[in-house]
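**Student:** Here the protein sequences line up with chains P and H, keeping their order. Using our numbering, read the first sequence as starting at 1 and increasing by one per residue. Using our numbering, read the second sequence as starting at 1001 and increasing by one per residue. Okay, here's the structure, questions in a sec.
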Amino acid sequence: MFFRFILRALRYRKQRLLLAFGALAVAAALATVLFAIYGSVDKRFHEQFGAYGANIVAVPGSGSNIPLGIAAAAEKLGASAAPFLVTSAHLGNDMIPVAGFIPYKTAPLTPYWHVQGSRDIHEGECLAGEQLGLHIGDTLGAVAGCTVKGIVSTGGAEDGEILVPYATAVSLAGVANVASVVEIRAPSDGLESIRGTLASRYPSAQFRTVRAVAEAEAGVVLKIRAAVFLITLLILGITTLCVLSNFSEMVVERAKEIGILKALGAAERRIAGFFVSESAVLALVATIAGYTVGVFAAAAIGKEIFGGDFRPQTDWFVFLIVAAVMLSVAALATAIAASRIWNIHAAVILRGE
Amino acid sequence: MILRFVKDSVRRAPRRKALIVAAVAMGSAVATSMLGVMLSIGDKVNRELRQAGSNIVVTPKAASLRGGVGAETATVTGGAAYIREADILKIKSIFWGLNITGISPMLLAHDGPLQVAGVWFSHTYRAPDNSMQTTGISEVNPSWVVRGAWAREEVPDKKLPECVVGEGMALRRNWKIGDDIEIFGDTFRVTGIVSSGDETDDRVLLPLHWVQDLTHHPGVVDRIDVSALTKPEDDFARRDPKTMSAAEFERWNCTNYVVSIAHEIEQAIPGTQARPVRRIADSEGKILDRIGGLMALITLAALLSAGLTVWSLTATTMMERRGEIAIMQAIGASRASVATLLGVEVSLIGLAGGVLGAVTGVELARFVGQSVFHDSIAVSPILPVLIVIAAVVVALAGASQPVRRAVNLEPAIVLREGV
């Protein structure tokens, strides 16, 4: 009896149910996408702020260099670190600064370097700052006879330097296991603790938090998160309204059927039960459909906006929240509508008024 | 006749009509506020990101090279050429002058091992539009933390001139706020200790004119940090201006890309070199792009759900009125007149809801601006007008299909079935 009611309902009111199903599925898909965006907006933007490079800089407190071990220690604490050793060499009549760096460690910390040519250099190769007026392919006898592989432009000190592999700088400077500057990028939530640990372990070095980056990052991420949150609420609110209106119409439309059921002696509670279970089934199916679409949409959006791979991620927690929201919206809508069942009088309806 | 029909319809079911108007209003409110927020969020975040410091640095063309890493100077410079202080404010008079939010000149000097920088702490000047404006080091670097206070440029007679020292320097020399320190043989009072995270931490900051006097470099500086609101760079911005046609160059020059602003500064102050600070400018562009994309997407979602709501609500109410339509047709109304009557009614509902929603939406946008950015969001006056039109169109679109179906049904059948 129960299933027959629902099956019949499906067959005879296809259009009506499709409309309600459509509204619920769109709502579920929107909710999935919005929750996915809200949940990952932090991480995504923290990644983006990685483009600013280091948020901690280690420089000599006294003397002219610091232990190279700082870089390894920072990496052990979960940060990425790139040591630089600055020395000098003659270029023609001028003394020019030469900075040694480790290309594969430096690359993730300095995505903002503009390099013509290749920035991945090996022993015997180097990069030249754009202000030096050198060209790719030039050989610099004074700097360990290296060949210029790329021209670098950053708007910072690198523009006037020769950049060589770390090992080359070590042999030019005649010192080992030291660095002039270590750039460190710590995850923003562990920033102060990593800085504190390093500072207590290496008292000879001075660890500076790059305030500009840290503050801008914290401010922007918080604000974007708050904006996305407010907007998500607004959108969910308006979608709920859409679903509500669809469901309450379903009861009104079937006043005649309800009248017949009542005339046949069905209790109001039982009729209401039909409606509630019908919409629960509808909501569940719509949630599954909407969630599936939403997961792919969220992955496509993630790829489109933030770059990276197309990775649909199923998160059961998000699914449960979406399902809970959809079920309660559908239940609420039907409950409001079903309250009218008590006011439907079989005789009046059947007479055709 | 039409008016009477609508009046009657509203009188018969006032609650229902109010509900639809409310739903249309809510949809339009969400659409208005979202569009308002989206259109201004780029500018808000841009200002937020300007906390990261200057994005253009201006140096004399002939200045000697510096060594170091990023913003860290690792070797000493002995500059030979300077920028005239009188030229600095020309930066404000370039085409994009209004987008320049801060200017901070600097003259670096050495007193033995001590690095001394002359800066504008809080410099008041007359802007090209004749208003008085203030700029300086604190304006360009709002994220720096000062314990105590920034130094005053001019102090009353018989008081010691003031200075600010970097955190690292203060720690090493054991200087505190209120101490009197000697620089180039003159005594200065420390009013604040600054923590910046860059080499300023190891410097002493004096008012610019003091460093100029003490080092006999009157009226010159050797570096200017400029903070400008820019548009994220795209492929067009990265092209070499020398290879552009006249029309392309015009467009390039009239867009506030960081490179075109730098180019204009070079033109305004001959003998200088203005370079974008890649670390700041590139990252900023990237983040602004992402935020723009995110907001456009969410706005699309909001418009979609608002449109769907209005559409489905008008559709369901029209479906219910099949009986009414049948009666009108049975007593001789033509299809066209039925459609006109209902169309006018729906348009009025859309209009009322749209106006109500647009007004609420502007307030909502202001609320989002206040609560998220602590700054109001100005919604362009054309937006509410567009939204009202959209509300009417969407409501009519929602009504059209059910009404068309209803007028095509045989009135007799509809009336007998009582649907």
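The beta carbon of each residue, even a glycine, is placed where N, CA and C say it ideally should be.
Taking DSSP as the reference, what is the three-state secondary structure of E1162 (chain H)?
**Tutor:** Here residue 1162 (chain H) refers to the residue found at position 162 when the second sequence is read from its first residue. Three-state DSSP puts E1162 (chain H) in a strand.
**Student:** How is the beta strand (DSSP E) around P1105 (chain H) delimited, first residue to last?
**Tutor:** By one-based count along the second sequence, residue 1105 (chain H) stands at place 105. Residues I1100 to D1111.
**Student:** For a quick check, are the C-beta atoms of T1309 (chain H) and G1027 (chain H) less than 8 angstroms apart?
**Tutor:** Start at 1 with the first residue of the second sequence, and residue 1309 (chain H) comes out as number 309. Start at 1 with the first residue of the second sequence, and residue 1027 (chain H) comes out as number 27. In contact: T1309 (chain H) and G1027 (chain H) (Cβ atoms closer than 8 angstroms).
**Student:** Count the other CB atoms within 10 Å of the CB of A1246 (chain H); is the residue buried (16 or more) or exposed (fewer)?
**Tutor:** Counting from one through the second sequence, the residue named residue 1246 (chain H) turns up at place 246. A1246 (chain H) comes out exposed.
**Student:** Could you check the C-alpha separation between M1038 (chain H) and T1299 (chain H) for me, to the nearest Å?
**Tutor:** In the second sequence, the residue the question calls residue 1038 (chain H) occupies position 38. In the second sequence, the residue the question calls residue 1299 (chain H) occupies position 299. Cα to Cα, the separation comes out at about 7 angstroms.
**Student:** Which term fits F310 (chain P), buried or exposed, when burial requires 16 or more other beta carbons within 10 angstroms of its beta carbon?
**Tutor:** Numbered from its first residue, the first sequence carries residue 310 (chain P) at position 310. Counting Cβ neighbours within 10 Å, F310 (chain P) comes out exposed, since fewer than 16 surround it.
**Student:** DSSP on D1186 (chain H), reduced to helix/strand/coil?
**Tutor:** By one-based count along the second sequence, residue 1186 (chain H) stands at place 186. Looking at D1186 (chain H) - three-state DSSP - the assignment turns out to be strand.
**Student:** Contact defined as beta carbons within less than 8 angstroms: I believe I1083 (chain H) pairs with I1387 (chain H). What is the distance between those atoms, to the nearest angstrom?
**Tutor:** For this step, residue 1083 (chain H) is matched to residue 83 along the second sequence. For this step, residue 1387 (chain H) is matched to residue 387 along the second sequence. I1083 (chain H) to I1387 (chain H), Cβ: 50 angstroms. No contact.
**Student:** What does P1276 (chain H) reach in chain P if we use C-beta pairs closer than 7 angstroms?
**Tutor:** Sequence index remark: in the second sequence, residue 1276 (chain H) carries index 276 (1-based). The contacting residues are G155.
**Student:** Reducing DSSP to helix, strand and coil, say where I1056 (chain H) ends up.
**Tutor:** Taking the first residue of the second sequence as position 1, residue 1056 (chain H) is located at position 56. Strand at I1056 (chain H).
**Student:** Using the DSSP secondary-structure output, state which residues sit across from I1114 (chain H) in a beta bridge.
**Tutor:** The residue you call residue 1114 (chain H) lines up with position 114 of the second sequence. The residue you asked about is not Ile; residue 1114 (chain H) is Leu in the sequence shown. Per DSSP, H:D1111.
**Student:** Note down, in chain order, each residue of its chain lying with its Cβ closer than 7 angstroms to the Cβ of P108 (chain P), except the 5 sequence neighbours on either side.
**Tutor:** Locating residue 108 (chain P) in the first sequence gives position 108, counting from the first residue. Cβ within range, chain order: S80.
**Student:** At a CB-CB cut-off below 7 angstroms, which residues of chain H make contact with G219 (chain P)?
**Tutor:** Counted from its first residue, the first sequence places residue 219 (chain P) at position 219. Those within 7 angstroms of G219 (chain P) in chain H are E1048 and Q1051.
**Student:** Write down the C-beta distance between E1153 (chain H) and V1194 (chain H) rounded to the nearest angstrom, noting that I regard them as a contact closer than 8 angstroms.
**Tutor:** By 1-based counting over the second sequence, the position of residue 1153 (chain H) is 153. By 1-based counting over the second sequence, the position of residue 1194 (chain H) is 194. Not quite, the Cβ-Cβ distance comes to about 16 angstroms (not below 8 angstroms), so this is no contact.
**Student:** Tell me which residues share the same chain as E75 (chain P) and place their Cβ nearer than 8 angstroms to its Cβ, disregarding the 5 neighbours each side in the sequence.
**Tutor:** Looking up residue 75 (chain P) in the first sequence gives position 75. Within the same chain, E75 (chain P) has close Cβ partners A81.
**Student:** From which residue to which residue does the beta strand (DSSP E) around Y202 (chain P) run?
**Tutor:** Taking the first sequence and counting its residues from 1, one reaches residue 202 (chain P) at position 202. It is not in any beta strand (DSSP E) - Y202 (chain P) carries neither H nor E in the DSSP assignment.
**Student:** So what's A1018 (chain H) in DSSP terms, helix, strand or just coil?
**Tutor:** Numbered from 1 along the second sequence, position 18 holds the residue referred to as residue 1018 (chain H). If DSSP states are grouped into helix, strand and coil, A1018 (chain H) belongs with the helices.
**Student:** Locate the alpha helix (DSSP H) running through A72 (chain P), then write down its first and last residues.
**Tutor:** The residue given as residue 72 (chain P) occupies position 72 in the first sequence. Here the alpha helix (DSSP H) through A72 (chain P) covers G69 to K76.
**Student:** Please confirm if V143 (chain P) has its CB atom under 8 angstroms from at least one CB of chain H.
**Tutor:** Locating residue 143 (chain P) in the first sequence gives position 143, counting from the first residue. No, no contact with chain H.
**Student:** Mind listing, in chain order, the continuous beta strand (DSSP E) runs of no fewer than 3 residues lying wholly within the segment 88–160 of chain P?
**Tutor:** As far as the segment 88–160 of chain P is concerned, its whole beta strand (DSSP E) runs of at least 3 residues are 94–101, 114–117, 125–129 and 146–153.
**Student:** Closest to N65 (chain P) by C-alpha separation, out of P:A297, P:F207 and P:E268, would be which residue?
**Tutor:** Your numbering for residue 65 (chain P) matches position 65 in the first sequence. Ranking P:A297, P:F207 and P:E268 by Cα distance to N65 (chain P) puts P:F207 first.
**Student:** Is the segment 244–261 of chain P touching the segment 1179–1187 of chain H in the sense that three or more CB pairs, one from each, lie closer than 8 angstroms?
**Tutor:** No: fewer than three Cβ pairs fall under 8 angstroms.
**Student:** Please state the DSSP three-state secondary structure of S1195 (chain H).
**Tutor:** Against the second sequence, residue 1195 (chain H) aligns to sequence position 195. Strand at S1195 (chain H).
**Student:** Tell me the rounded alpha-carbon separation between A1399 (chain H) and N1099 (chain H).
**Tutor:** Residue mapping note: residue 1399 (chain H) aligns to position 399 of the second sequence, counting from 1. Residue mapping note: residue 1099 (chain H) aligns to position 99 of the second sequence, counting from 1. Looking at the two C-alpha atoms, the distance is approximately 48 angstroms.
**Student:** Taking E1324 (chain H) as part of the alpha helix (DSSP H), name the residues at either end of that continuous run.
**Tutor:** Numbered from 1 along the second sequence, position 324 holds the residue referred to as residue 1324 (chain H). Start and end: R1322 to A1330.
**Student:** Check Y1257 (chain H) in the structure and name its three-state DSSP category.
**Tutor:** Residue numbering aside, residue 1257 (chain H) sits at position 257 when the second sequence is read from its first letter. In the structure shown, Y1257 (chain H) sits in a strand (DSSP, three-state: E or B).
**Student:** Quick check: the segment 1361–1374 of chain H against the segment 1330–1338 of chain H, are at least 3 beta-carbon pairs closer than 8 angstroms?
**Tutor:** Verdict: no, contact absent.
**Student:** Using a threshold of 8 angstroms, state whether the C-beta atoms of A283 (chain P) and M326 (chain P) are closer than that.
**Tutor:** Translated into the one-based positions of the first sequence, residue 283 (chain P) becomes position 283. Translated into the one-based positions of the first sequence, residue 326 (chain P) becomes position 326. Taking 8 angstroms as the Cβ cut-off, A283 (chain P) and M326 (chain P) qualify as a contacting pair.
**Student:** Inspect the CB distances between the segment 151–171 of chain P and the segment 1265–1281 of chain H and report whether three or more fall short of 8 angstroms.
**Tutor:** Yes: at least three Cβ pairs fall under 8 angstroms.
**Student:** Among P:T139, P:V41 and P:F274, which one has its Cα closest to the Cα of R355 (chain P)?
**Tutor:** Nothing can be reported for residue 355 (chain P): it is not among the residues displayed for chain P, which extend from 1 to 353.
**Student:** Quick one: grab the DSSP three-state call for D1201 (chain H).
**Tutor:** One-based indexing of the second sequence puts residue 1201 (chain H) at position 201. Helix.
**Student:** What residues of chain P sit near D1198 (chain H), judged by a beta carbon separation below 9 angstroms?
**Tutor:** Counting from 1 along the second sequence, the entry for residue 1198 (chain H) is found at position 198. Chain P residues near D1198 (chain H): V57, R208, V210, R211 and A212.
**Student:** Could you tell me whether any Cβ in chain P is nearer than 8 angstroms to the Cβ of W1175 (chain H)?
**Tutor:** Translated into positions along the second sequence, residue 1175 (chain H) becomes position 175. Judged by the 8 angstroms Cβ criterion, W1175 (chain H) is not in contact with chain P.
**Student:** Using 8 angstroms as the threshold, is the segment 1128–1138 of chain H in touch with the segment 1284–1297 of chain H, meaning 3 or more CB pairs across them?
**Tutor:** They do not touch, by the three-pair rule.
**Student:** Comparing the C-beta of E192 (chain P) with each C-beta of chain H, is any distance below 8 angstroms?
**Tutor:** In the first sequence, the residue the question calls residue 192 (chain P) occupies position 192. Chain H, which has no Cβ nearer than 8 angstroms to the Cβ of E192 (chain P), makes this no.
**Student:** Output the distance between the C-alpha atoms of I305 (chain P) and E1284 (chain H), rounded to the nearest integer angstrom.
**Tutor:** What you label residue 305 (chain P) is simply residue 305 of the first sequence in a count that begins at 1. What you label residue 1284 (chain H) is simply residue 284 of the second sequence in a count that begins at 1. Each residue's alpha carbon lies about 15 angstroms from the other.
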